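To keep things clear, I will list the structure first and then write my remarks on it.
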């Protein structure tokens, strides 16, 4: 009887095809497949999309929701399959290819290079397969500054989009899929002294107007005017971004749905003034539709000024979905409008789910729609305070999930920043842009006022960001912890009469204080980070942490210490370094050292004699200590050993109660022979960090026999331009039955120096379908 009653009840339930329930089902279906490690067959995906679409629109009960979910899952995976199929064929990796194409976006200029997006229009021979794809290129020392729309014939060398994979690190391969980047590489040479032609386009117009704003506004804050008016953030420095992150104001410097909504709102108010001044307009176009039309035109123009980038286009679609309902005189609640925007966006670009901005925008709006009272007549200051509280609580789990941080002063900073930037700086910046675009005299005056406002505001924000504890870094969050925190946020934001809200705080504990596998005394954990062609390795005991090297730093601005090592340390919950060993001064080992020292201020630093003397303690053979019943001892260099670069590397042996490892830096066969002579009784270990990334000049047979490890680790970049590890070296290890693992194939490697001998590669434990094999 109960089953029959349930069937009868569900049979009467009707769900609108574009309603909130269908939108949530579409989202859930797409979300669930993001954790797949590999893509199913495209034919199966196409069948799933067809069946899901049929159920979604042909049924009206629960099967409609199932159909929407099936459609969402299949559509996302099918779109991903199409994008991944356009990636650079393996046969073209590392080859010199001749292509012709157009510079798109705004090129970024560094000290010795320019980075830009390049849309391939044609290619010679095998490179013709790249026609229609998008490349991310670096051009070292070009003769002239690149401009959007320029068409160049270039000889390029490419690779498939592949990034490093570390705990809490940036996933470049995920971003490449979202941005439809088919390959990355660099320009070998231009096949013409000048661009073949310059094609008119939106990006060229943007760059011209950005230059015009810079020329008409002398205040330093012009960089913020360029960012807010045109989405041109090239002028913002690293300190600017640090301050914005620490104060929680980063979202205000992006042309997001919020700013597009503000522009649309101003346009609607302006339309209302027109209707008041000329009431007869209403005879031809009713006021609600006229206001919606003007708001839509203004929002579209603003998105165009930002170059219709994917994040901006997503924001425009959200606003357009709401305004279109008004234009078509379709009644609907704010929740219905949000559902329609979600459906439109997922149909247009299902890969939006890969972008943090998607989640922050939609969930932020959803929380506000649910929590803020409508028609209550509350004063504006109270509404603003409530909105900040809702956003702080509701978006905290997402902020930690995506960025591993929480801005403690963010809610207070936003109380000042949101009205100041969105209601003052943005309108003034747009006024100045409009004036510059049409050639109005003194067009830079509003922009100068906006820049002056930011110049006054930023020093105060800088001071706030410098406060102790302004920005809290948290360990890498797990999915269950995120879901529990969302449950806690929902509980806290329920109406006041709901009891037990203090208990909701307990649901945040797994996120804010995640449980970590504790190390016993006499045990150690090793993390060999993936830093490309370089080295950085973390050793943790029960209560101490040591970092061995910090990865490379490049002239183009990429610092692996800052972008990979520091986030990984924070993601693993390392709050301080008791020791920092810089094995030697080569860039691939010491390039990221400054970033590590700024972020974590190591208690003690070691380096070889002769490299930056006086700033570090010396790592001399015989120096030994114990942490938590784990022994550390340097085996090289010996006292008074001259600084010889690679051969001066600090060689460190670590012994736990059951296992040992040797960290060998970049020593060559010459130093290996010296160790065989002077420290032969200390060389026999269970694990070995292969010397010099597997270079042919190291890992001699006598050294490998003396060390005789069960497993050897290689820190190396995928497709290393130096050919590391050398085939002869790899063969030496394999002939002796020694297992060889590399960061190039496995990403960051973690191992426990205990009886378990556990070793895991990040590329295996966290594989997703967008990751390269």
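In my numbering, the protein residues as written are 3 to 775. Beta carbons are placed, not taken as given, at the ideal position from N, Cα and C, and that holds for glycine. Just so you know, these numbers come straight off a predicted model, no measurement behind them.
Does DSSP classify residue i as helix, strand or coil?
i: residue 92; result: helix
i: residue 388; result: helix
i: residue 531; result: coil
i: residue 125; result: strand
i: residue 228; result: helix
i: residue 669; result: coil
i: residue 423; result: helix
i: residue 705; result: helix
i: residue 757; result: coil
i: residue 338; result: helix
i: residue 116; result: strand
i: residue 103; result: strand
i: residue 4; result: Confidence in residue 4 is poor, its pLDDT being 38 and thus under 50, which makes the residue's placement unreliable; the coordinate value appears in the next sentence. In this structure, residue 4 counts as helix in the three-state DSSP scheme.
i: residue 653; result: strand
i: residue 311; result: coil
Based on Cα-Cα distance, which residue from the options lies nearest to residue i?
i: residue 472; options: 670, 556 and 250; result: 250
i: residue 221; options: 596, 667 and 458; result: 458
i: residue 288; options: 329, 269 and 321; result: 329
i: residue 295; options: 277, 315, 273 and 311; result: 273
i: residue 169; options: 760, 396, 752 and 758; result: 752
i: residue 392; options: 407, 416 and 404; result: 416
i: residue 182; options: 135, 482 and 74; result: 135
i: residue 156; options: 165, 142, 162 and 167; result: 142
i: residue 406; options: 572, 119 and 719; result: 572
i: residue 490; options: 704, 389, 178 and 511; result: 511
i: residue 200; options: 213, 368, 214 and 149; result: 149
i: residue 668; options: 750, 601, 551 and 556; result: 551
i: residue 600; options: 590, 620, 616 and 579; result: 579
i: residue 66; options: 57, 681 and 616; result: 57
i: residue 79; options: 496, 37 and 90; result: 37
i: residue 32; options: 72, 61 and 19; result: 72
Go to residue i, then tell me how far its alpha helix (DSSP H) extends in each direction, as first and last residue.
i: residue 633; result: Not the alpha helix (DSSP H): residue 633 falls in the beta strand (DSSP E), residues 632-638.
i: residue 440; result: 428-440
i: residue 461; result: 446-467
i: residue 556; result: Per DSSP, residue 556 belongs to no alpha helix (DSSP H) and is neither H nor E.
i: residue 731; result: 729-737
i: residue 286; result: Here residue 286 belongs to no alpha helix (DSSP H), and DSSP marks it neither H nor E.
Closer than 7 Å: is that where the CB of residue i sits relative to any heavy atom of the ligand NAP?
i: residue 517; result: As for the ligand NAP, it is missing from this structure, which has no ligand bound.
Of all Cβ atoms in chain D, is any one closer than 8 Å to the Cβ of residue i?
i: residue 140; result: No chain D is present in this structure, which holds just one protein chain.
Here's the rule: buried if 16 or more other CB atoms are within 10 angstroms of the residue's CB, otherwise exposed. What is residue i?
i: residue 286; result: exposed
i: residue 211; result: buried
i: residue 444; result: exposed
i: residue 629; result: buried
i: residue 683; result: exposed
i: residue 345; result: buried
i: residue 502; result: exposed
i: residue 675; result: exposed
i: residue 77; result: buried
i: residue 194; result: exposed
i: residue 175; result: buried
i: residue 45; result: exposed
i: residue 354; result: buried
i: residue 399; result: buried
i: residue 280; result: exposed
i: residue 598; result: buried
For the beta strand (DSSP E) containing residue i, name the first residue and the last one.
i: residue 160; result: 152-161
i: residue 643; result: Note, residue 643: premise wrong, no beta strand (DSSP E); not H, not E.
i: residue 186; result: 185-192
i: residue 548; result: 547-550
i: residue 744; result: 741-744
i: residue 473; result: 473-475
* Touch check for the segment 334-341 and the segment 17-35: three-plus C-beta pairs under 8 Å? -> As far as the Cβ criterion goes, the segment 334-341 touches the segment 17-35, which means the pair count is three or higher.
* At least three beta-carbon pairs within less than 8 Å, the segment 634-643 to the segment 550-567 -> No, the segment 634-643 does not touch the segment 550-567.
* Asked: Taking one C-beta from the segment 703-717 and one from the segment 675-694 each time, how about it: are there three or more such pairs within less than 8 Å?
  -> Taking one beta carbon from each stretch, the segment 703-717 and the segment 675-694 have 3 or more pairs nearer than 8 Å; the two touch.
* Is there contact between the segment 234-249 and the segment 262-277, where contact requires at least three CB pairs shorter than 8 Å? -> Contact check between the segment 234-249 and the segment 262-277: fewer than three CB pairs, one atom from each, fall below 8 Å, which does not count as touching.
* the segment 420-431 / the segment 535-552 touching (three or more Cβ pairs under 8 Å) -> A contact is defined here as three or more CB-CB pairs under 8 Å, and the segment 420-431 fails this definition with respect to the segment 535-552.
* If we count Cβ pairs, one from each stretch, closer than 8 Å, do we get three or more for the segment 122-137 versus the segment 515-528? -> Verdict: no, contact absent.
* Should the segment 600-610 be called in touch with the segment 649-662, which here means at least 3 C-beta pairs below 8 Å? -> These segments touch.
* To do: Check whether the segment 693-700 touches the segment 714-734, counting contact only when three or more Cβ pairs, one atom from each stretch, lie closer than 8 Å.
  => Yes: at least three Cβ pairs fall under 8 Å.
* Flag this pair as touching only if the segment 658-666 and the segment 746-764 have three or more C-beta atom pairs under 8 Å; answer yes or no. => With the cut-off at 8 Å, the segment 658-666 and the segment 746-764 touch.
* Asked: How about the segment 448-463 and the segment 581-588: do they share at least three Cβ pairs that are nearer than 8 Å?
  -> As far as the Cβ criterion goes, the segment 448-463 does not touch the segment 581-588, which means the pair count is below three.
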